[in-house]
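Participant: Per UniProt numbering, the very first residue in the sequence shown carries number 1; after that it's consecutive.
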Amino acid sequence: MSSSSVNESPNHFMVLDAISRGVKSVGKIAKVTKLDKALVEMIVNDLAAQRLIIKSEKKGFFGGKKEELTVTETGMRVLAAKKQELERKFQEFQQWYSNGQTQQLQNSMQNDRMWLPFMLFSGIMNAMFFMSMMSFMGAALTPTETALAGDQGVDTGAGGADAGTDGGGAGADGGGGGMDSGGGGDFGGGDFGGGDFSF
């Protein structure tokens with residue numbers, strides 16, 4: 001795959017971003033990004049061929065060898081440039097949304113829809129804004145968008161890349177429900193000490 005097509009592939013950037021965050025194995029990358037393991041392996045090979053990542057072998061705990069992935073300086077520059085470009089797009093989305101410019105938002109979303117999962121995964125766009133924007137436009141979610149938006153809600157309470165995969169089903173069931181339970185969970189009945197609030 002040429003560098004121009006890598007630059008146009010959100011999946012490549014999701015994998016590159018996962019590696020830059022310290023997720024170093026294909027299996028863990030597949031789990032975190034919600035991509036098929038075979039696709040992740042193909043993308044890793046593409047990124048290595050483009051010299052955006054380095055594959056190295058390390059000795060495992062029991063003497064076996066395991067592959068470890070790290071991002072090169074060039075890979076970090078390419079990732080940072082793409083994130084900066086998408087952050088500008090996100091600011092436009094926010095501006096159009098707050099001004100009620102539905103038509104402009106819909107046109108831009110149709111052109112950039114393929115980048116939404118990466119924007120959610122990388123934290124450029126938060127799940128709350130994404131869900132309200134999609135609702136505002138009356139647009140349906142793709143399965144990938146649903147999984148990433150739901151996991152971001154579950155992720156906020158736990159922090160860390162692997163935490164979102166532990167509760168994947170819980171976040172995907174209610175979309176925004178995962179976000180609400182994360183924020184309100186700290187104020188459960190046990191925190192107030194029982195009968196303090198009798199009316």
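Just so it is clear, CB atoms sit at the ideal spot from N, CA and C, and this is done for glycine as well.
Here's the rule: buried if 16 or more other CB atoms are within 10 angstroms of the residue's CB, otherwise exposed. What is Ala-158?
Facilitator: On the sequence shown, position 158 is the one that residue 158 refers to. With a pLDDT of 34 at Ala-158, under the threshold of 50, the modelled position of this residue cannot be trusted; read the value that follows with caution. Exposed, because fewer than 16 other Cβ atoms sit within 10 Å of the Cβ of Ala-158.
Participant: Would you report the Cα separation of Met-14 and Asn-99, rounded to the nearest angstrom?
Facilitator: Against the sequence shown, residue 14 aligns to sequence position 14. Against the sequence shown, residue 99 aligns to sequence position 99. Their backbone Cα atoms lie some 30 Å apart in a straight line.
Participant: Using 8 Å as the cut-off, can you tell me whether the stretch 56–63 makes contact with the stretch 81–93, which would need three or more C-beta pairs spanning the two stretches below that distance?
Facilitator: no
Participant: Mark Gly-75 as exposed unless 16 or more other C-beta atoms lie within 10 angstroms of its C-beta, in which case mark it buried.
Facilitator: One-based indexing of the sequence shown puts residue 75 at position 75. It counts as buried.
Participant: So within the UniProt domain "HTH marR-type" (9–55), which uninterrupted alpha helix (DSSP H) runs reach at least 4 residues, ignoring any that extend past its ends?
Facilitator: 10–20, 26–33 and 37–49
Participant: Is the beta carbon of Val-40 less than 8 Å from the beta carbon of Ala-30?
Facilitator: Against the sequence shown, residue 40 aligns to sequence position 40. Against the sequence shown, residue 30 aligns to sequence position 30. In this structure, Ala-30 lies closer than 8 Å to Val-40 by Cβ.
Participant: Considering only residues of the same chain and omitting the five flanking positions on each side of Glu-114, which have a CB-CB separation below 8 Å?
Facilitator: If you number the sequence shown from 1, residue 114 lands on position 114. The amino acid at residue 114 is misidentified as Glu; the sequence shows Met. Pro-10.
Participant: Can you give the beta carbon distance from Met-119 to Met-125, rounded, assuming they're within the 8 Å contact cut?
Facilitator: Taking the sequence shown and counting its residues from 1, one reaches residue 119 at position 119. Taking the sequence shown and counting its residues from 1, one reaches residue 125 at position 125. About 4 Å; that satisfies the 8 Å criterion.
Participant: Does any CB atom of chain C fall closer than 8 Å to the CB of Tyr-97?
Facilitator: Judged by its chain identifiers, the structure shown contains no chain C, having just a single protein chain.
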